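Have a look at the structure below before the remarks.
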Amino acid sequence: MKRAAKADRIRSILDDLYPAPPIPLDHRDPFTLLIAVLLSAQTTDARVNLVTPALFAMADEPHAMAALTEAQILSAIKTCGLAPGKSKRIKRLAQILVDEHGGEVPRDFDALERLPGVGHKTASVVMAQAFGQPAFPVDTHIHRLADRWGLSDGRSVEKTERDLKAVFPESTWSTVHLQIIYFGREYCPARGHDLTLCPICRWAATKKRIAEETAKLPAAKRSAATARSRRG
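Written out as structure tokens, the structure reads:
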């Protein structure tokens, strides 16, 4: 099956499962989304959603955030991974927004990516989810599933983004991004995954890929998966 046809079938499955996927990070506006996405690096979305209410109660816009000390920010986010570094970047980011952008989050990829702690993925999330601009954020989970499904070759996150943009219509990018995240969490985990039972992997993954991942399963699951694959 060619990639374009495979992507169409995948999108049909994702649309049935997640017709209107919500943004998993709680936020109120572009600034609070930007901060939440920055905090989500090496931290679960659930953890971010636990700490942002206290942080945003202290400051939910750039001027107020820039006025906080790093210690005050750290006190609110200390249970997040890499919290000391994130507290420094959040304060610097807020000050740059005040000094250079009139206290507003810029609607521009280059300007966003120049902010402390904001890489291309974070900028893509903000552009897509806050400003409705065409973007396909690719995190490690989407990168993994695209490789597993044969939509990209896994060489780099950058190449995966290009490959996914090529096979999904531009108007669907921000939605498919969220759908793949939710599908990965519910059906397609990184470890201990039986591809023969997965609604997408069982037909989208190559026989070689299914065999490789089946070999990593515990003995009982491996035997059952091998039998299903042979019937398949």
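If you count the sequence shown from 1, position 164 lands on 1496 in this note's numbering, and the numbers rise without skipping.
Note that beta-carbon positions come from the ideal geometry of N, C-alpha and C, so glycine has one too.
Bear in mind that the values here come from a model prediction, so they are computed numbers and not experimental data.
To the nearest angstrom, report how far apart residue i and residue j are at their CA atoms.
i, j, result
"residue 1360", "residue 1557", "44 Å"
"residue 1507", "residue 1560", "32 Å"
"residue 1390", "residue 1357", "18 Å"
"residue 1532", "residue 1409", "37 Å"
"residue 1321", "residue 1528", "The shown model of the chain, from 1333 to 1564, leaves out residue 1321, and the question about it has no answer."
"residue 1465", "residue 1553", "43 Å"
"residue 1502", "residue 1368", "25 Å"
"residue 1448", "residue 1401", "16 Å"
"residue 1461", "residue 1551", "43 Å"
"residue 1555", "residue 1397", "55 Å"
Considering just the uninterrupted stretch of the alpha helix (DSSP H) at residue i, what are its terminal residues?
i, result
"residue 1506", "1505-1518"
"residue 1529", "Note, residue 1529: premise wrong, no alpha helix (DSSP H); not H, not E."
"residue 1617", "Any property of residue 1617 remains undetermined from this structure, which presents the chain solely from 1333 to 1564."
"residue 1432", "1415-1433"
"residue 1445", "1441-1445"
"residue 1355", "Per DSSP, residue 1355 belongs to no alpha helix (DSSP H) and is neither H nor E."
"residue 1363", "1362-1371"
"residue 1456", "1452-1457"
"residue 1394", "1394-1399"
For residue i, which residues in the same chain have their Cβ closer than 6 Å to its Cβ, ignoring the five residues on either side in sequence?
i, result
"residue 1511", "1346, 1350 and 1353"
"residue 1395", "1430 and 1435"
"residue 1456", "1467 and 1469"
"residue 1424", "1448"
"residue 1417", "none"
"residue 1372", "1380"
Quick one: residues in its chain with C-beta nearer than 7 Å to the C-beta of residue i, no 5 flanking neighbours on either side, listed in chain order?
i, result
"residue 1524", "1549"
"residue 1419", "1402, 1405, 1406 and 1409"
"residue 1452", "1445"
"residue 1526", "1549, 1553 and 1557"
"residue 1483", "1335, 1338, 1339, 1495, 1496 and 1499"
"residue 1477", "1512, 1516 and 1520"
"residue 1471", "1453"
"residue 1386", "1408"
So is residue i buried or exposed if we call it buried at 16+ other beta carbons inside 10 Å?
i, result
"residue 1469", "buried"
"residue 1333", "exposed"
"residue 1411", "exposed"
"residue 1493", "buried"
"residue 1567", "Nothing in the structure corresponds to residue 1567, since the chain is present only between 1333 and 1564."
"residue 1426", "buried"
"residue 1522", "exposed"
"residue 1421", "buried"
Are there any heavy atoms of the ligand PLP lying less than 7 Å away from the beta-carbon of residue i, as far as the coordinates show?
i, result
"residue 1433", "Ligands are entirely absent from the displayed structure, and the ligand PLP is therefore not among its contents."
Which residues in the same chain have their Cβ closer than 8 Å to the Cβ of residue i, if we skip the five residues on either side of it in sequence?
i, result
"residue 1399", "1391"
### Query
Are the region 1537-1554 and the region 1336-1345 in contact at 8 Å, needing three or more beta carbon pairs?
no
### Task
Inspect the CB distances between the region 1361-1379 and the region 1542-1553 and report whether three or more fall short of 8 Å.
no
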